[in-house]
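Residue numbers (our numbering): 108 to 215. This report refers to the structure that appears directly beneath it.
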């Protein structure tokens with residue numbers, strides 16, 4: 108929801124920059140030149156959205172890293188066949204969750 112609001116605001120700012128350009132073309136001697144201001148604010152907003160997106164990835168990958176380190180520590184001891192089977196399933200599930208999240212984000 109927040110992402111949509113920010114994205115809509117960025118679109119409006121870009122539209123305002125286009126209107127400013129059209130105004131400058133129509134009235135070249137005008138002192139009204141907010142193209143840079145609108146473009147800079149729009150670019151800053153878009154950059155902020157990208158940073159927030161990667162922050163979420165960082166948190167997810169940090170959690171996955173911790174989980175995989177715990178699984179790795181478990182695998183350093185001698186395991187029975189049943190324990191080894193559980194170990195492999197835990198490892199696959201940890202990677203599967205991250206892979207699923209990665210695919211979902213890539214499709215957005």
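Don't be surprised by glycine CBs; every beta carbon is placed ideally from N, CA and C.
Residue burial classification, residue i (beta-carbon count within 10 angstroms, cutoff 16)
i: residue 120; result: buried
i: residue 127; result: buried
i: residue 150; result: exposed
First and last residue of the uninterrupted alpha helix (DSSP H) at residue i
i: residue 137; result: Where residue 137 is concerned, there is no enclosing alpha helix (DSSP H), given that its DSSP letter is neither H nor E.
i: residue 164; result: 142-182
Residue i vs residue j beta-carbon contact at 8 Å
i: residue 181; j: residue 194; result: yes
i: residue 171; j: residue 199; result: no
i: residue 152; j: residue 116; result: yes
i: residue 139; j: residue 124; result: no
i: residue 156; j: residue 113; result: yes
i: residue 137; j: residue 130; result: yes
Residue i, DSSP secondary structure in three states
i: residue 192; result: helix
i: residue 198; result: helix
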